[in-house]
Amino acid sequence: MKLIIAIVQDEDAARLVSNLMNEGYSVTKLATTGGFLRAGNTTLLLGVDEEKFQGAMDVIEKGLQEPQADCNFAPSPVAGTTKAFVPYPIEVMVGGATVFVLNVEQFIKL
Ligand code: 2BA
């Protein structure tokens, strides 16, 4: 079994969850925050059997927006303090997904 951890845009999350559920995958949706932009994103957790792994990845890939350049405001710590942040504009690629795939040692339901 594999654990897919997919960090996606909030805008893609509802569609991805629906598509995955419709295809018979179990999924957990977490509200998360990116460390760089400090903006909300969504992390999906899927435990899938080996033979269903590629199918799950295909559903995720098909449901994503194309990554595109976007101007965001990245917070930068004010010199001398760790508490105050001043946003500055930066162009980053938005969309797509960051996916980690882990081998699952045990899958237990109690
Ligand atoms: P954030 O950390 O908020 O990063 C958002 C986007 O900002 C990144 O998109 C990337 O395009 C840009 N970015 C990140 N760090 C940067 C830096 N030091 N300098 C310039 N630009 C930078 P993605 O790479 O697609 O990542 C989207 C989100 O996925 C990230 O949000 C973070 O929540 C997660 N992520 C990406 N790589 C990760 C990793 N290696 N470990 C854990 N989470 C990761």
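In the working numbering, the protein residues as written are 505 to 614.
Quick reminder that beta carbons are idealized off the backbone N, C-alpha and C, glycines included.
Nothing here was measured: the structure is a model prediction, and the numbers come from that model.
Apart from the five residues just before and just after residue i, which ones in its own chain have a Cβ nearer than 6 Å to its Cβ?
i          : result
valine 521 : Val531 and Lys533
lysine 506 : Val552, Phe557 and Val605
Please report the residue range of the alpha helix (DSSP H) in which residue i lies.
i             : result
glutamate 595 : Careful: glutamate 595 lies outside any alpha helix (DSSP H), inside the beta strand (DSSP E) at 589–598.
Starting from residue i, follow the beta strand (DSSP E) in both directions and report where the run begins and ends.
i           : result
alanine 601 : 601–607
glycine 559 : Premise fails: glycine 559 lies in the alpha helix (DSSP H), 554–566, not in any beta strand (DSSP E).
leucine 507 : 506–512
proline 571 : Unbroken run through proline 571: none, as it is neither H nor E.
Whose C-alpha, out of the options, is nearest the C-alpha of residue i?
i              : options                           : result
glycine 567    : Val590, Met505, Asp553 and Asp514 : Asp514
glycine 544    : Asn526, Gly551, Ala573 and Phe577 : Phe577
methionine 597 : Gly559, Asn607, Cys575 and Val608 : Cys575
threonine 561  : Pro581, Ala535 and Gly600         : In the sequence as displayed, the identity of residue 561 is methionine instead of threonine. Taking only the C-alpha atoms, the option nearest methionine 561 is Gly600.
For a quick check, are the C-beta atoms of residue i and residue j less than 9 Å apart?
i           : j              : result
valine 605  : isoleucine 564 : no
alanine 524 : leucine 548    : Sequence inspection shows leucine at residue 524; the alanine mentioned does not correspond to that position. It is a contact, given that the beta carbons lie within the stated cut-off.
alanine 510 : leucine 550    : yes
Got a sec? Which residues, its chain only, sit under 7 Å from residue i by beta carbon, not counting five neighbours each side?
i          : result
lysine 587 : none
Is the CB of residue i under 9 Å away from at least one CB in chain C?
i             : result
threonine 547 : Absent from the structure: chain C. Only one protein chain is present.
Using only Cβ atoms and a threshold of 5 Å, which residues come within that distance of a heavy atom of the ligand 2BA? Order them by chain position. For the ligand 2BA, residues qualifying as neighbours are Ile511, Gly538, Gly539, Phe540, Leu541, Val596, Met597 and Thr602, where qualification means a beta carbon closer than 5 Å to at least one of its heavy atoms (chain order).
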